[in-house]
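Visitor: I have a structure here, written as structure tokens, and I will follow up with some questions on it.
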Amino acid sequence: IHGYLNKKRIEMNLFFINIMVLVRKHLQSYLNDEFKTKNIKSSEIFLMQILYRDGDKSQIELARIIECDKSHIHRIVSKLIDKNLIEYSKDYKQSKNLKLTLTSEGKIFSAKIDKVIKTWHTKLLKGIDSNDLKTARTVMKQLLHNANNLKKMEYKNA
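As numbered in my numbering, the sequence shown has no gaps in its residue numbers, which increase by one up to the final residue, 160.
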């Protein structure tokens, strides 16, 4: 019976992982479709949303938040600068740690992105009971907490 229960637990764990991956893929696809005329990708959208919601950030801060390498952030930043959606903040020009900020066009576009994401979110959660959502949030927070602890342990063992 222990083997059976262990197998069911593994299946449930894989189910959670697959759901998270699929939801992320669907969001990326939805955003890419919504903004294909603007020629902007979901990775650029996510970076813009951080600046829109949290204010100016350096590339190092963005890499830490998004959890990817600085060269990847630099490529995204370069594309967004070329599209006149972000720029280096004039307040930090003398600093070694330059901050990025949304341009006026970037702020307008980020507001549109925010509306699209809220619409997607509403559609995604349609028909789900509020108590179930509360439970799901609790589970997802714990999964994130556990994943972050695993990552910390990897760094210690490296």
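Each residue gets a CB set at the ideal place from its N, CA and C atoms; glycine is no exception. All values reported here derive from a predicted model rather than from experimental measurement.
First and last residue of the alpha helix (DSSP H) that includes Thr103?
Guide: That residue, Thr103, is in no alpha helix (DSSP H); its beta strand (DSSP E) goes Lys101 to Leu104.
Visitor: Measure the Cβ-Cβ separation of Leu100 and Ser112 and say whether it is below 9 Å.
Guide: Going by C-beta atoms, Leu100 is not nearer than 9 Å to Ser112.
Visitor: Can you look up Glu89 in the DSSP assignment and give me helix, strand or coil?
Guide: DSSP places Glu89 in strand when its eight states are reduced to three.
Visitor: Which class does Lys59 belong to by DSSP, given the choice of helix, strand or coil?
Guide: Looking at Lys59 - three-state DSSP - the assignment turns out to be strand.
Visitor: Which residues in the same chain have their Cβ closer than 7 Å to the Cβ of Ser45, if we skip the five residues on either side of it in sequence?
Guide: For Ser45, where only same-chain residues beyond five positions count, the Cβ hits under 7 Å are Ile78.
Visitor: Do you know offhand how far Ile115's Cα is from Leu82's?
Guide: Cα to Cα, the separation comes out at about 14 Å.
Visitor: Where does Gly129 fall in DSSP's three states?
Guide: In this structure, Gly129 counts as coil in the three-state DSSP scheme.
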